[in-house]
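Going left to right, the sequence shown walks through residues 198 to 310 as the numbering used here numbers them.
Built from N, CA and C at the ideal position, the CB exists for glycine as well.
None of these values were measured; they are calculated from a predicted model.
To start, the structure itself, in structure tokens.
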Amino acid sequence: MLRKGLLYFNARLKMLERRQQQIRDLRVKHEKLKGELEDVKNKLMLDPQKWIGEFEVEPDLDEESQEYLEALAQVTGELEYCVNLCKSRVMMETCFDVEATSLPHGGPRELRV
């Protein structure tokens, strides 16, 4: 009976450690994506206050719970989708930003992309 209790405790401990590692990994990814979102908002000249607080987990959730992990995964996925859309927009705008420059002495014109 004691052995079964120890096995159960050990399995539960491993599950909790795995959840905590997943939460740490997601927090790192979430913070990185928030920084990337700020960068692309600047490049797109969007209002710096746009989307503030929209990609956050409810503060009343226990940060060690499965519900918190699931909520963090959800908002991180939504944030990643938003960042990727904004990056696509930046690429689309910069790819079509063509500037014509002339060479010295009235030579032929060159297009710079």
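Asked, Found
"Cα-Cα separation, Gln271 to Thr291", "30 Å"
"Cβ contact (3+ pairs, closer than 8 Å) linking the region 265-281 and the region 210-224", "yes"
"Collapsed DSSP secondary structure at Glu274 in the structure displayed", "Going by the sequence as given, residue 274 is Gly instead of Glu. DSSP places Gly274 in helix when its eight states are reduced to three."
"Check whether Cys279 and Leu234 have beta carbons under 8 Å apart", "yes"
"When Arg216, Leu276, Leu213 are compared against Lys247, the one with the closest alpha-carbon", "Leu276"
"Sequence-distant residues of its chain with Cβ nearer than 7 Å to Gln219 (five each side left out)", "Leu266"
"Within 8 Å, strictly: CB atoms of Thr273 and Leu210", "no"
"C-alpha distance - Ala208 paired with Asp259, whole-angstrom precision", "21 Å"
"Nearest-angstrom Cα separation, counted from Leu204 out to Val254", "34 Å"
"Endpoints, the alpha helix (DSSP H) within which Met212 is located", "199-240"
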